[in-house]
Amino acid sequence: MKYNQVIRLNSGATIPIMGFGTYSAQNDREETKQAVQMALKMGYRHFDTAKIYGSEPAVGEALTRAIQSQMIDREDIFLTSKLWSSDHHDPVSALHQTLETLGMEYVDMYLVHWPVKLKPWATYAVPNEDDFERLDLETTWVGMEKCLDMGLCRSIGVSNFSTKKIQRLLDFASVPPAVNQVEMHPMWRQTKLREFCGDHKIHISAYSPIGGPGNSWGSTAVVNHPIIQSIAHKHRATAAQVALRWGLSKDSSVIAKSFNKGRMKENIGAVDLRLDDRDLRDIERMEEWKIMRGEFFVNETTSPYRTIEDLWDDEI
Ligand SMILES: NC(=O)c1ccc[n+]([C@@H]2O[C@H](COP(=O)([O-])OP(=O)(O)OC[C@H]3O[C@@H](n4cnc5c(N)ncnc54)[C@H](OP(=O)(O)O)[C@@H]3O)[C@@H](O)[C@H]2O)c1
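Numbering (the working numbering), first residue to last: 4 to 319.
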């Protein structure tokens, strides 16, 4: 099946190009579980979760059930989870906890969710002013490498890292990150980061690949954009498929979230779409606007990031 195409990572593992996102504001365990079960039947093999999403129990339950019923082998699934910012002081314990919640022996990918370190008690998404600590990436990364050594994960990586932060990490890392998971879609194209990561063999996984329409922080700008709509019309495809295919055309994997059967099918159908050079050139002309700006990690007193530009090292 074409949508089970994989890309080889610098860790030697392979990542399926079509990812399935599991963050939803409602975080309804039954709904998430059913969506993952449906996704598995449809052919999705790459699942994205995180401690902070609260979706680990549902994802773990759905995958475990599918494995136990011999619908699928564990080896055929690519499962990603992420280290929350309040766990930077102890990635090994955090991953043990994640594995227990998932009911899994290992995850395929463990990512540092944000380049932000919070006090251990700050286990919520939006920190308070007194929750911040100085980011000590070296110590965090040693913990991530230990997770790998212990076999708790097959690859390690980062998320929401600028080129500058990746460079800093590469300066001391014994194991380079295999993935940087970042926002990427036709209106936030990550040209500089893609080039830098390409040079260092770091795979980019695109989150919000269709712009997150309907999410509280998302935007319909991508799917409603006249350029995307006209390309979709030309190929008898949908705007979401054009956005996803654009991400795939950059050798990224895409992590789309839909818990709706029709849209899940639509999204996986992006693999069959071919964009031509003219489409790709037209997309390059689209105005850019980052949706996930990370304001909640910025303040003028306690955060190491005084401004949004600091957080993204002016790559915003
Ligand atoms: N690393 C990070 O910091 C980070 C940040 C954000 C997200 N992520 C990951 O990336 C995943 C996806 O990101 P996202 O949810 O922001 O963005 P997205 O996949 O671009 O958009 C999801 C939204 O679009 C809707 N949708 C899905 N397919 C559609 C289609 N074909 N047509 C129209 N609407 C459609 C979904 O609603 P329905 O469910 O109703 O279809 C949902 O509201 C998340 O679930 C999470 O796993 C990671």
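Yeah, the Cβ is synthetic: ideal placement off N, Cα and C, and Gly gets one too. None of the values given here were measured: they were computed from a predicted structure.
Between which two residues does the alpha helix (DSSP H) carrying residue i extend?
i	result
L82	From DSSP, L82 is part of no alpha helix (DSSP H) but of the beta strand (DSSP E) over F81 to L86.
H236	P229 to K237
R157	Careful: R157 lies outside any alpha helix (DSSP H), inside the beta strand (DSSP E) at C156 to S162.
G201	T194 to D202
V245	A242 to S252
D275	Run containing D275: none; DSSP gives neither H nor E here.
I311	I311 to L314
I319	Per DSSP, I319 belongs to no alpha helix (DSSP H) and is neither H nor E.
R137	First-last for R137: undefined, no H or E at that position.
R2	The question about residue 2 has no answer here: the residues shown for the chain are numbered 4 through 319.
With distances taken from CA atoms, which of the options is nearest residue i?
i	options	result
E33	L138, G57, G22 and F23	G57
R296	E290, T304, R197 and L314	L314
A42	T304, I258 and R288	I258
K253	N270, H188, N218 and E303	H188
H99	A69, R68 and M147	M147
T67	G106, D93, P307 and P216	G106
K237	A224, R277 and P216	R277
A176	D93, L140, T304 and Q184	L140
A325	A243, W220 and Q71	What the structure shows of the chain is the stretch from 4 to 319, and residue 325 is not part of that stretch, so it cannot be assessed.
P130	I311, N302 and Q71	N302
D279	S162, E269 and R248	R248
G250	A209, I55 and V161	A209
K167	L12, C150 and D317	D317
S158	K44, S96, G272 and S84	S84
S89	H49, T104 and D134	D134
N218	I10, A181, A61 and G24	G24
M21	Q71, E287 and A246	A246
Y308	T194, W117 and T35	W117
R197	F164, A240 and G272	F164
L12	I207, F50 and T143	I207
N15	A242, Q37, G272 and V178	Per the sequence shown, the amino acid found at residue 15 is Gly instead of Asn. Cα-wise, what sits closest to G15 is V178.
D152	V95, M74 and T142	V95
D31	A240, D51 and E59	E59
Y47	K268, G160 and E291	K268
S162	K36, E312 and D51	D51
T104	H92, V145, I80 and A61	A61
Which residues mark the beginning and the end of the beta strand (DSSP E) in which residue i is found?
i	result
A209	H206 to Y210
P19	T17 to P19
I213	Looking at the DSSP string, I213 is not in any beta strand (DSSP E), and its letter there is neither H nor E.
Q184	V182 to E186
S256	S256 to A259
M147	Run containing M147: none in the beta strand (DSSP E); it sits in the alpha helix (DSSP H), L140 to D152.
R171	Premise fails: R171 lies in the alpha helix (DSSP H), T166 to F175, not in any beta strand (DSSP E).
I10	V9 to R11
Would you mind giving the Cβ-Cβ distance between residue i and residue j, rounded to the nearest angstrom? I have them listed as a contact below 8 Å.
i	j	result
S256	I18	5 Å
V110	L82	5 Å
D285	I234	7 Å
V115	L86	5 Å
E132	L121	That belief does not hold up - the Cβ atoms of E132 and L121 are roughly 11 Å apart, past 8 Å.
C200	N183	6 Å
I231	A242	5 Å
Does the beta-carbon of residue i have 16 or more other beta-carbons within 10 angstroms, so that it is buried, or is it exposed?
i	result
F299	exposed
M112	buried
K293	buried
L173	exposed
G265	exposed
D214	Position check: residue 214 holds Gly in this sequence, whereas Asp was assumed. Buried is the call here.
Y127	exposed
K54	buried
W124	exposed
S3	Summary: the structure shown does not reach residue 3, with the chain confined to residues 4 through 319, and so no result is reported for it.
P212	buried
D202	exposed
Q193	buried
Q170	exposed
K44	exposed
G63	buried
P180	buried
R281	exposed
N270	buried
D76	exposed
M190	buried
S72	exposed
E108	exposed
K195	exposed
M74	exposed
G154	exposed
For this session: May I have a chain-ordered list of the alpha helix (DSSP H) segments no shorter than 4 residues that lie completely inside the region 23 to 65?
Result: Runs found: 32 to 45.
Problem set entry | Contiguous beta strand (DSSP E) assignments of at least 3 residues, all confined to the region 83 to 123 | Within the region 83 to 123, complete beta strand (DSSP E) segments of at least 3 residues are found at 110 to 115, given in chain order.
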